[in-house]
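Undergrad:
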Amino acid sequence: MPDVKLVNISKRYGKGKIIAADKVNLEIKDGEYFTILGPSGCGKSTLLKIIAGIVKPDEGEVYVGGKLINDVPIEERRIAMVFQNILLFPHMNVEENIGYAPRVKGIERERRVKIVEEIVSMLKLTLRSTAFPDELSRGAQQKVSLARAIASETNLFLLDEPLSALDSRVRLELRYELRRLVKELGVTAIHVTHDQEEAMSISDRIAIMKHGKIIEVGSPVELYLGPRTIFTAHFLGKMNFMEGMVRESSGGGCVVEVSGGVRIRTKVRGRLARERVVLAIRPEFIKLSQTMNENEKNVIEGKIVEKFYTGSYIYYKVKLENGIEVFTLTEAEKMYKDGDKIYASFPPEYVILFKYPEEGLEKELSLE
Ligand SMILES: Nc1ncnc2c1ncn2[C@@H]1O[C@H](COP(=O)(O)OP(=O)(O)O)[C@@H](O)[C@H]1O
Ligand SMILES: [Mg+2]
């Protein structure tokens with residue numbers, strides 16, 4: 548099982564104007580399901596292609612299993628890559644597609660058939676082995692391309708948006724299959740996606756990428772509950788942001804003044820008084836109530852201005868008395884109407900603070 552290490556990898560395109568990879572350092576462990584998540588164009592595919600050997604980096608080193616592989620040709624890297632655009636041989640049937648690598652290696656027919664059979668049963672592929680790719684659904688085609696990758700006996704899978712071209716139902720199903728498979732085979736997987744939900748549900752760890760740079764690496768829970776950057780907080784799930792200024796700071800936390808002189812108490816320590824900050828809280832942590840509860844902290848009056856029903860949950864857009872609008876997420880059994888007066892409380896333990904970004908909050912939140 549290989550671990551993968553990228554050291555100071557850089558790659559530019561367009562006479563140096565486009566920075567696809569900007570001094571990337573990453574370590575992926577043996578047997579890990581690792582995801583690179585970021586908006587379209589941030590350089591995810593470039594990184595995968597550098598690991599696969601399809602693209603040469605301008606600078607930096609790629610290590611697989613502790614060995615420097617910069618100069619190892621593609622065919623000797625024992626790495627399988629699966630793409631969004633499914634690349635099956637159209638003139639070969641399912642069995643021939645899956646058995647391609649073993650055949651090229653000169654494995655005789657009898658053993659090849661066995662290998663293919665094993666993989667087909669492991670993948671729970673219920674298809675005719677004599678079917679041609681264009682007779683299959685896209686989901687089935689992608690499973691066959693995975694099967695083909697497995698048959699190449701690689702121990703490092705590079706998956707470039709492998710689920711993006713599929714229907715949402717098939718996408719969800721294959722998500723769990725993919726993870727199960729990687730764990731069962733004991734291989735290492737590096738999966739690239741721009742879909743944050745996919746990344747959260749499939750990964751051991753996620754690297755957040757923006758403009759060719761790795762912004763932050765962590766487990767889904769670490770990144771969701773304790774993001775260290777505004778970009779991560781914004782890109783993973785939904786988050787409410789408010790600009791503010793620290794008014795008091797002590798060993799137990801600090802008080803932040805936001806728009807309209809409203810003060811919000813937090814558990815965040817080590818902030819300086821008069822420091823400009825961005826305050827953030829996730830919609831599901833804001834509590835709504837129609838009566839004022841003396842036990843709740845940071846209660847702000849407001850009214851419901853919009854409602855988005857999702858089935859099991861409802862998003863409410865609440866306009867607070869200081870003019871700020873926040874999103875809240877509430878179980879669907881609690882129904883409020885547009886215009887209802889409401890008390891929103893912000894539990895101090897769920898309030899996160901970030902340093903105010905040099906170029907302003909809006910610029911920091913843009914995905915371009
Ligand atoms: N072969 C290439 N020639 C020129 N520019 C490229 C090439 N490949 C990628 N780029 C540019 O590099 C940046 C990163 O691309 P890519 O790695 O494909 O991003 P992602 O996979 O995150 O969408 C983009 O601006 C893209 O246009
Ligand atoms: Mg891409």
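Residue 548 is where the sequence shown starts when you use the working numbering, and the numbers rise one by one after that.
In this text, a Cβ means the ideal position worked out from N, Cα and C, and glycines have one as well.
#1: Within its chain, find whatever has a CB closer than 6 Å to the CB of LEU721; leave out the 5 residues flanking it on each side and keep chain order.
#2: Could you check whether the segment 554 to 567 touches the segment 603 to 614, counting it as contact only if at least three pairs of C-beta atoms, one from each stretch, sit closer than 8 Å?
#3: Within the chosen definition, does the segment 630 to 643 reach the segment 664 to 683 through at least 3 CB pairs nearer than 8 Å?
#4: In chain order, what are the residue ranges of uninterrupted alpha helix (DSSP H) at least 4 long that sit wholly in the segment 580 to 650?
#5: When DSSP builds the beta bridges, which residues end up paired with THR776?
#6: Decide if GLY773 is buried, meaning its Cβ has at least 16 other Cβ atoms within 10 Å, or exposed.
#7: Taking its Cβ as the centre, do 16 or more other Cβ atoms sit within 10 Å of LEU725, making it buried, or is it exposed?
#8: Do you know whose CA, among LEU703, GLU708, GLY759, lies nearest GLY733's CA?
#9: So ALA698 and GLY646 are in contact, right, with Cβ under 8 Å, and what is the actual spacing, rounded?
#10: Once DSSP output is grouped into helix, strand and coil, what is the label at LEU693?
#11: Flag this pair as yes or no: are the beta carbons of PHE901 and VAL805 separated by less than 8 Å?
#12: So does the segment 745 to 761 actually touch the segment 872 to 884, counting three or more Cβ pairs closer than 8 Å?
#13: Measure the alpha-carbon distance for GLU906 versus LYS652 and round it to whole angstroms.
#14: Just to be sure I understand the criterion: a residue counts if its Cβ is closer than 5 Å to at least one heavy atom of ligand 1. Which residues meet that?
#15: Does LEU770 pass the burial test, meaning 16 or more other C-beta atoms within 10 Å, or should it be called exposed?
#16: Run the CB neighbour count on ALA879, radius 10 Å, all protein chains shown included, and call it buried at 16 or more, exposed below.
#17: For LEU573, which of helix, strand or coil comes out of DSSP?
#18: What residue does the beta strand (DSSP E) around LEU719 start on, and which one ends it?
#19: Do you know offhand how far LYS881's Cα is from SER892's?
#20: What separation, rounded to the nearest whole angstrom, lies between the Cα atoms of ILE566 and ARG810?
#21: Ligand 2 and ASP959: does any heavy atom of the ligand fall closer than 7 Å to the residue's C-beta?
#22: Please state whether DSSP places HIS758 in a helix, a strand or coil.
#23: On the DSSP bridge assignment, give the partners of GLU763 in chain order.
#24: Would DSSP call HIS741 helix, strand or coil?
#25: Between ALA712 and the rest of its own chain, which residues show a CB-CB distance below 6 Å, the 5 nearest in sequence each way excluded?
#26: Apart from the five residues on each side of it in sequence, which residues of its chain come closer than 7 Å, Cβ to Cβ, to THR779?
#27: Which stretch, first to last residue, makes up the beta strand (DSSP E) that contains GLU878?
#28: ASP885 by DSSP, collapsed to three states: which one?
#29: Going by beta carbon distance, what residues of the same chain come within less than 7 Å of THR813, once the five residues before and after it are set aside?
#30: Output the distance between the C-alpha atoms of ARG695 and PRO620, rounded to the nearest integer angstrom.
#31: Examine ligand 2 and report whether any of its heavy atoms sits within less than 7 Å of the Cβ of GLU708.
#32: Please tell me whether THR740 and THR582 are closer than 8 Å, where the distance is taken between their beta carbons.
TA: Inspection of the coordinates gives the following:
#1: Within the sequence shown, numbered from 1, the residue matching residue 721 stands at position 174. Cβ neighbours of LEU721 beyond the five flanking positions: LEU710.
#2: yes
#3: yes
#4: 591 to 599, 641 to 645
#5: Position 229 of the sequence shown, counted from the start, is the residue given in the question as residue 776. Beta-bridge pairing links THR776 to no other residue.
#6: To locate residue 773, count along the sequence shown from 1; it is residue 226. When all chains shown are included, GLY773 counts as exposed.
#7: As a working note, residue 725 is residue 178 in the sequence shown. When all chains shown are included, LEU725 counts as buried.
#8: Indexing the sequence shown from 1 puts residue 733 at position 186. When each option's Cα is compared against that of GLY733, the closest is LEU703.
#9: Against the sequence shown, residue 698 aligns to sequence position 151. Against the sequence shown, residue 646 aligns to sequence position 99. At roughly 6 Å, the Cβ-Cβ gap stays under 8 Å, so ALA698 and GLY646 are in contact.
#10: The residue you call residue 693 lines up with position 146 of the sequence shown. In the structure shown, LEU693 sits in a helix (DSSP, three-state: H, G or I).
#11: The count along the sequence shown starts at 1 and reaches residue 901 at position 354. The count along the sequence shown starts at 1 and reaches residue 805 at position 258. No; because the gap between Cβ atoms is not below 8 Å, this pair is not in contact.
#12: no
#13: Counting from 1 along the sequence shown, the entry for residue 906 is found at position 359. Counting from 1 along the sequence shown, the entry for residue 652 is found at position 105. In a straight line, the C-alpha of GLU906 is about 55 Å away from that of LYS652.
#14: TYR560, ILE565, ALA567, SER587, GLY588, CYS589, GLY590, LYS591, SER592, THR593
#15: What you label residue 770 is simply residue 223 of the sequence shown in a count that begins at 1. Classification for LEU770: buried.
#16: Position 332 of the sequence shown holds residue 879. That one is exposed.
#17: Mapped onto the sequence shown, residue 573 falls at position 26. Of the three classes helix, strand and coil, the one that applies to LEU573 here is strand, per DSSP.
#18: As a working mapping, residue 719 is identified with position 172 in the sequence shown. Taken as a continuous stretch (DSSP letters only), LEU719 belongs to no beta strand (DSSP E), being part of the alpha helix (DSSP H) at 715 to 732.
#19: Indexing the sequence shown from 1 puts residue 881 at position 334. Indexing the sequence shown from 1 puts residue 892 at position 345. Approximately 16 Å between the Cα atoms of the pair.
#20: Taking the first residue of the sequence shown as position 1, residue 566 is located at position 19. Taking the first residue of the sequence shown as position 1, residue 810 is located at position 263. Their backbone Cα atoms lie some 42 Å apart in a straight line.
#21: No answer is possible for residue 959: the residues shown for the chain start at 548 and end at 915.
#22: The residue given as residue 758 occupies position 211 in the sequence shown. The answer is coil: DSSP assigns HIS758 none of H, G, I, E or B.
#23: What you label residue 763 is simply residue 216 of the sequence shown in a count that begins at 1. Note: GLU763 sits in a beta bridge opposite ILE755.
#24: Residue mapping note: residue 741 aligns to position 194 of the sequence shown, counting from 1. Residue state, collapsed to three classes: coil.
#25: For the purposes of this step, residue 712 is taken as the residue at position 165 of the sequence shown. Contacts found: GLN631.
#26: Taking the sequence shown and counting its residues from 1, the one referred to as residue 779 is at position 232. Cβ within range, chain order: ILE755, ILE762, GLU763, LEU770.
#27: As a first step, residue 878 must be located in the sequence shown, where it is residue number 331. Counting along the chain, the beta strand (DSSP E) containing GLU878 begins and ends at 872 to 878.
#28: Stepping through the sequence shown from its first residue, residue 885 is reached at position 338. Reduced to three states, the DSSP call for ASP885 is coil.
#29: Position 266 of the sequence shown, counted from the start, is the residue given in the question as residue 813. The answer, listed in chain order, is GLY800, CYS801, VAL803, PRO895, VAL898, LEU900.
#30: The count along the sequence shown starts at 1 and reaches residue 695 at position 148. The count along the sequence shown starts at 1 and reaches residue 620 at position 73. Rounded to whole angstroms, ARG695 to PRO620 spans 20 Å at the Cα level.
#31: Counted from its first residue, the sequence shown places residue 708 at position 161. Answer for GLU708: yes, Cβ within range of ligand 2.
#32: Here residue 740 corresponds to residue number 193 of the sequence shown, with the count starting at 1. Here residue 582 corresponds to residue number 35 of the sequence shown, with the count starting at 1. Against a cut-off of 8 Å, the Cβ pair of THR582 and THR740 comes out as a contact.
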